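Participant: If you're matching positions, the sequence shown starts at 188 in my numbering and goes up one per residue. A virtual CB, placed ideally from N, CA and C, is assigned to each residue, including glycine. Only a predicted model underlies this, so the values are computations on that prediction, with no experimental measurement involved.
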Amino acid sequence: MTASVVEWKHRSSGTTAGAAPGWYEAGLAHIWLPYAQMKTVRPPLPVARAEGCRIVLSDGRELIDGIASWWTACHGYNHPHIRAAVGNQLALMPHVMFGGLAHEPALTLARRLAALLPGDLDRVFFSESGSVAVEIAMKMAVQFWLNRGIRGRTRFIAFRGGYHGDTTGAMAVCDPDAGMHSLFRGLLGEHHIVDLPRDEESAAALSRLIDRRAGEIAGIIVEPLVQGAGGMRFHDAAVLRHLREAADRHDLLLIFDEIFTGFGRTGDMFACQAASIVPDIITLSKALSGGTLPLAATVASGKVFDAFWSDDPARALMHGPTYMANALACAAANACLDLFEQEPRLQQVAGIAAAMKRGLAPCRGMPGVKDVRVRGAIGVVELDRIEDLDGLRARFIAEGVFIRPFGSTVYLTPAFTISPDELETLTGAVVKVVSEL
Ligand SMILES: Cc1ncc(COP(=O)(O)O)c(C=O)c1O
C-alpha cells in the first residue's frame with residue numbers, strides 16, 4: 188500500500204456518523220476526486236440515494252441539496268417520470284452507435300430542441316459533456332471559416348470571469364487569471380480574453396480589438412447573463428445585444444454557452460431569450476437530461492450548418508463521440524422536456540428568485556460580505572474571501588444542507604421543485620453560517 192492509500196484510509200474514518208460502508212472503505216484510496224488537492228481535501232460523503240431535493244447519506248443523515256448536482260437536477264432527484272422513461276428505453280435499447288444508425292429518442296429530442304430554441308438554431312450535434320459541447324462549438328466555428336476558404340480565423344474572443352469547461356480547448360477560453368486553470372495560462376492557445384462590454388470603456392476596448400484583429404477571430408464565446416463557475420457574476424441583456432452587434436459588424440460567429448443558464452435557470456427557458464438575441468451556435472448540457480445521464484448538445488444555426496453542406500467530404504464535421512446521442516440519455520432528456528411542458532417550472536423559478544431575495548437579504552451588510560445577488564434560481568452571497576473552503580463546506584453539512592462554496596462565493600442553485608420550507612432551510616443556513624464567519 189502506498190503512503191497516500193494509508194493516509195486516505197485514516198482520514199476517511201469520521202466522514203460518516205457510523206461505520207462507513209465497505210465499498211467506501213475499499214474504494215476511496217483508489218479514486219481521484221474532482222477539483223481537489225488529494226493530499227489535503229476532506230474525503231467525500233458516502234451517498235446511499237437521492238430523492239427530490241434530499242441527498243441521503245449511507246449513515247442515514249439527510250441533506251437538503253442547494254446545488255442540484257452542479258445545476259443538473261432541475262426537477263429534483265429520481266423524478267418518477269424521468270425514471271420511467273429511462274426504464275422503458277433500457278428495456279428496448281440502452282445504446283447504439285450513432286454512426287450509420289439513428290433512433291427515436293435522439294431524433295425526437297433534436298426536433299424538440301430545435302422547436303424550443305429561438306431563430307434557426309436547428310441542427311443538433313449530440314455529445315456527452317458540456318466541455319465537449321464547447322470543443323465542438325469551437326471546432327465548428329473554426330471550420331466554418333475554413334470551409335468558406337478563409338484560413339487563419341482560429342482565435343476566439345472570450346471574457347474575464349468566464350468558464351467553459353475543463354478540456355484543453357475549453358480551458359483556453361476560460362478566464363486565464365482568476366479561473367481555475369491559471370496554471371496553464373498561455374499554454375493552450377492564444378485567445379483574446381477581455382472584459383465584458385458593460386460600459387463605454389470596455390465596449391470601446393472590445394471594438395478596438397475587433398477592428399484590429401477580426402481577420403484572426405473565428406468567433407465570440409460567452410455565458411449569457413450569468414458567468415457561472417467563474418464566480419456567479421451577472422450581466423445585463425444589453426451586454427449580449429452589444430456582442431451580437433459587434434459580431435454582426437465584423438461577421439464573427441457568436442457562441443452562447445448555455446450549459447449553466449439553459450433550461451430555466453435564469454428565469455427564461457434560455458438566457459438568450461431574455462435579450463431577444465439568437466446566437467450562431469449554442470451549447471447545452473447539465474439540466475438537459477434533468478441530472479440523470481450525461482448528455483450535451485451543440486446546436487448550430489442554418490448559417491453555420493450551410494458552410495458544412497457540400498459535395499466535398501473534406502468539409503464534413505469530423506466529430507463523433509462513441510456515446511453520442513446515447514438512447515438512455517436522450518430518453519431522459521425527452522422526459523425532462525415533458526416536465527417543462529407539463530409543470531409550471533418557470534413560475535417556480537420566479538418563486539424561488541423571490542424567496543431567495545428575501546431569504547438571503549440578511550447577509551447584506553454583514554462583515555466580510557461583498558455582495559448579495561439573485562437571478563432566477565441562482566442565489567449568490569459573495570464574500571471578500573474564504574479562508575478555509577473545505578471547513579466552510581463542512582459547516583454547511585453540519586447544518587444539514589449540501590452547499591458547496593467555491594472561490595469567494597457561497598451560492599444556491601436548487602432544483603426548481605424545491606419546497607418553500609426546504610428553500611428557507613437553505614437560505615437560513617447560508618445566513619447563519621455567513622454570520623458566524
Ligand atoms: C457554462 C459552462 N460551460 C461548460 C461547462 C463544462 O461542462 P462539463 O462539466 O459537463 O464538461 C460548464 C460546467 O460547469 C459550464 O458551467
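For a minimum of 3 consecutive residues, which ranges assigned as the beta strand (DSSP E) are wholly contained in the region 369 to 439?
Facilitator: You should have 379 to 381, 404 to 409.
Participant: Within this structure, are the beta carbons of Phe589 and Asp353 separated by less than 7 Å?
Facilitator: The residue you call residue 589 lines up with position 402 of the sequence shown. The residue you call residue 353 lines up with position 166 of the sequence shown. Contact: no.
Participant: Could you give the distance in angstroms between the alpha-carbon of Glu609 and the alpha-carbon of Leu427?
Facilitator: Indexing the sequence shown from 1 puts residue 609 at position 422. Indexing the sequence shown from 1 puts residue 427 at position 240. One C-alpha to the other measures close to 34 Å.
Participant: In angstroms, rounded to a whole number, what distance separates the CA positions of Ala207 and Ser245?
Facilitator: Here the question's residue 207 lines up with position 20 in the sequence shown. Here the question's residue 245 lines up with position 58 in the sequence shown. Roughly 7 Å between the two C-alpha positions.
Participant: Answer with buried or exposed for His429, where buried requires no fewer than 16 other C-beta atoms within 10 angstroms of its C-beta.
Facilitator: Within the sequence shown, residue 429 is the residue found at index 242, counting from 1. So His429 counts as buried.
Participant: Around the Cβ of Arg158, are there at least 16 other Cβ atoms within 10 angstroms (buried) or fewer (exposed)?
Facilitator: Absent from the model: residue 158. The displayed extent of the chain is 188 to 624, so no value can be given.
Participant: In angstroms, rounded to a whole number, what distance separates the CA positions of Leu215 and Leu232?
Facilitator: Taking the sequence shown and counting its residues from 1, one reaches residue 215 at position 28. Taking the sequence shown and counting its residues from 1, one reaches residue 232 at position 45. Spanning the two alpha carbons is a distance of roughly 11 Å.
Participant: Taking its Cβ as the centre, do 16 or more other Cβ atoms sit within 10 Å of Pro281, making it buried, or is it exposed?
Facilitator: What you label residue 281 is simply residue 94 of the sequence shown in a count that begins at 1. Burial call: exposed.
Participant: Nearest CA to the CA of Ala401: which residue from Arg342, Gln529, Phe447?
Facilitator: In the sequence shown, counting from the first residue as 1, residue 401 sits at position 214. When only C-alpha atoms are compared, the closest one is Arg342.
Participant: My parser needs the alpha helix (DSSP H) runs of 4 or more residues fully inside the region 315 to 378; what are they?
Facilitator: DSSP runs (the alpha helix (DSSP H)) wholly in the region 315 to 378: 317 to 334, 355 to 358.
Participant: To the nearest angstrom, how far is it from the Cα of Arg580 to the Cα of Ala223?
Facilitator: Position 393 of the sequence shown holds residue 580. Position 36 of the sequence shown holds residue 223. Roughly 13 Å separates the two Cα atoms.
Participant: Between which two residues does the beta strand (DSSP E) containing Tyr211 stretch?
Facilitator: Within the sequence shown, numbered from 1, the residue matching residue 211 stands at position 24. From DSSP, Tyr211 is part of no beta strand (DSSP E) but of the alpha helix (DSSP H) over 209 to 214.
Participant: Hey, out of Ile605, Val568, Gly578, Val618, whose CA is closest to Ser595's CA?
Facilitator: In the sequence shown, counting from the first residue as 1, residue 595 sits at position 408. Ranking the options by Cα distance to Ser595, first place goes to Val568.
Participant: Keeping to the same chain, check which residues put their C-beta closer than 7 Å to that of Ala359; ignore five residues upstream and five downstream.
Facilitator: Residue 359 sits at position 172 when you count from the first residue of the sequence shown. Leu375, Gly376, His378, listed in sequence order.
Participant: What is the residue span of the alpha helix (DSSP H) that Ala516 lies within?
Facilitator: Counting from 1 along the sequence shown, the entry for residue 516 is found at position 329. Unbroken alpha helix (DSSP H) run through Ala516: 514 to 529.
Participant: So with Cβ pairs under 7 Å, would you call Phe313 a contact of chain C?
Facilitator: Checking the listed chains, one finds no chain C in this structure; it contains a single protein chain.
Participant: Is Ala223 near ligand 2, going by C-beta to nearest heavy atom under 6 Å?
Facilitator: Questions concerning ligand 2 fall outside what the structure shown contains, since the ligands it does hold are ligand 1.
Participant: Just to confirm my understanding: we take Ala710, look at its own chain, exclude 5 residues before and 5 after, and list those with CB closer than 8 Å. What are they?
Facilitator: Absent from the model: residue 710. The displayed extent of the chain is 188 to 624, so no value can be given.
Participant: Can you tell me whether DSSP reads Val465 as helix, strand or coil?
Facilitator: On the sequence shown, residue 465 is found 278 positions in, with the first residue counted as 1. Three-state result, Val465: coil.
Participant: DSSP three-state call for Lys226: helix, strand or coil?
Facilitator: Position 39 of the sequence shown, counted from the start, is the residue given in the question as residue 226. Here Lys226 sits in coil by DSSP.
Participant: Using a Cβ distance threshold of 8 Å, determine whether the region 480 to 495 contacts the region 311 to 322, with at least three qualifying pairs required.
Facilitator: Cβ pair count under 8 Å is three or more, so yes.
Participant: Beta carbon of Ala564, beta carbon of Ala260: below 7 Å?
Facilitator: As a first step, residue 564 must be located in the sequence shown, where it is residue number 377. As a first step, residue 260 must be located in the sequence shown, where it is residue number 73. No.
Participant: When you compare only the Cα positions, how much space is there between Val620 and Ala255?
Facilitator: One-based indexing of the sequence shown puts residue 620 at position 433. One-based indexing of the sequence shown puts residue 255 at position 68. About 20 Å.
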